[in-house]
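Trainee: Before we start, here is the structure in question, set down as structure tokens.
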DNA sequence: GCAATTTCATTTGTATACTAACAATAATTG
DNA sequence: CAATTATTGTTAGTATACAAATGAAATTGC
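Protein chains in written order, with the numbering used here: chain A, 1 to 166; chain B, 1 to 166.
The following block contains the structure:
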């Protein structure tokens, strides 16, 4: 059941352009094709990636941002919450929720920083550390599955180009 | 230059970032560098794109998904809400909220479909139609600014590669 | 013609993500 | 040292996103 093909099912979209006979009062269509814009293509590619992520990580697995935080914490050091957010490209408000949910699931611990009363130090719990090897294995499979439509050279080119867009 | 696989296999790995002296009971770090994974790079590129989008559209402008819906509606025809969602890569639950917010702002109208009692037909309002030319102009600027770090050839290559990831 | 299935839209719940405003604490500087 | 500024973390609010469940309406399959 479930798995209602979300968006990708039977194409309601002809690959052809969105042409419209220049009719009376309608605004001129201009030459703007949504489906070819970088933002739209990135959104769709990410939707597919996230679906792959959830399929491989499983229902009780971490979300992409939760895994990103755990991955950075797996280096072993305690990191302040905000710094961890910067390392994983998350806003302070966003990383707060991510860490809260990881803490609820017993995967990370939050400790006061003795040197700075403002800071909260975050680290993996024992349970979190034990989960890391399996998660890394799955994360590699996720990256591979996401890039599967491309050859190795194409994938390398894509990653290089994406890296320049930030 | 063939640096690493990033695709599937566990191969030899030079250039270790994320150093970790193999200490006691900690899990082995493996060769997984978050910052080089396709999902992380796409998330960052999209964050930048959305920031550009908001800057150019302005504070009272549409969001990316709101604009996507308006862009498809600008062809002039009335479309059912779910079909519009498929055309813009949005879940039925997602497109519902997008259309509701556009309706609150008077940019679209929702009408019952006389031929199908289940359907809601959506179309641009007069105010929405008037806004379209300016929005399309800005949308072009947004795509250009997002791709600004790349040459034209690189941008074309990126778009072609992204289009194959969906 | 009618039961089974599918489609459409909605509602609820969870999880990003960002802005803005805020309080507490550190760091800087005059 | 006092005043200013910066950093850290939190809360509230808005807007995607998707899963799952539901009810109503249309199609189909026999």
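Built from N, CA and C at the ideal position, the CB exists for glycine as well. None of the values given here were measured: they were computed from a predicted structure.
(1) Starting from residue 84(A), trace the alpha helix (DSSP H) in both directions and tell me its first and last residue.
(2) Would residue 116(B) pass as an interface residue toward chain A - the criterion being a Cβ-Cβ separation below 8 Å?
(3) Check the DSSP bridge columns for residue 124(B) and list the partner residues they point to.
(4) Taking only heavy atoms of the ligand GTP into account, decide whether any of them is closer than 7 Å to the Cβ of residue 92(B).
(5) Would you call the stretch 123-130 of chain B and the stretch 45-56 of chain B in contact, with 3 or more CB pairs under 8 Å?
(6) Exposed or buried, residue 111(A), counting other C-beta atoms within 10 Å across all chains shown (16 or more means buried)?
(7) Please report the straight-line C-alpha distance between residue 22(A) and residue 62(B), rounded to a whole angstrom.
(8) Check whether chain A comes within 8 Å of residue 12(B), counting only Cβ atoms and requiring the distance to be less than that.
(9) Compute the Euclidean distance between the alpha carbons of residue 27(A) and residue 70(B), then round it to the nearest angstrom.
(10) List the residues of chain A that residue 72(B) touches, going by C-beta distances under 7 Å, in chain order.
(11) Which chain A residues are close to residue 58(B), counting only those with a beta carbon under 7 Å from its beta carbon?
(12) What separation, rounded to the nearest whole angstrom, lies between the Cα atoms of residue 103(A) and residue 104(B)?
(13) List the residues of chain A whose Cβ lies closer than 9 Å to the Cβ of residue 151(B), in chain order.
(14) Helix, strand or coil: how does DSSP classify residue 65(A) here?
(15) Relative to the C-alpha of residue 44(B), which candidate in 153(A), 90(A), 139(A) and 135(A) has its C-alpha closest?
(16) How many angstroms separate the CA atom of residue 163(A) from the CA atom of residue 38(B)?
Mentor: By the coordinates alone:
(1) 81-87
(2) no
(3) 108(B)
(4) In terms of ligand content, the structure shown is empty, and the ligand GTP therefore cannot be addressed.
(5) no
(6) exposed
(7) Confidence in residue 22(A) is poor, its pLDDT being 43 and thus under 50, which makes the residue's placement unreliable; the coordinate value appears in the next sentence. Taking the straight line joining both Cα atoms gives about 26 Å.
(8) Interpretation of residue 12(B) is limited by its pLDDT of 36, a score under 50 that renders its predicted location unreliable; the figure taken from the coordinates is listed afterwards. Not closer than 8 Å to any Cβ of chain A, the Cβ of residue 12(B) fails to qualify, so no.
(9) At residue 27(A) the pLDDT is 48, less than 50, meaning the model places this residue with poor confidence; the figure from the coordinates comes in the next sentence. Straight across, the Cα-Cα distance linking residue 27(A) with residue 70(B) is about 13 Å.
(10) 34
(11) Within 7 Å Cβ-Cβ: nothing; residue 58(B) doesn't reach chain A, min ~16 Å.
(12) 38 Å
(13) Simply none; closest approach about 10 Å.
(14) helix
(15) 90(A)
(16) 9 Å
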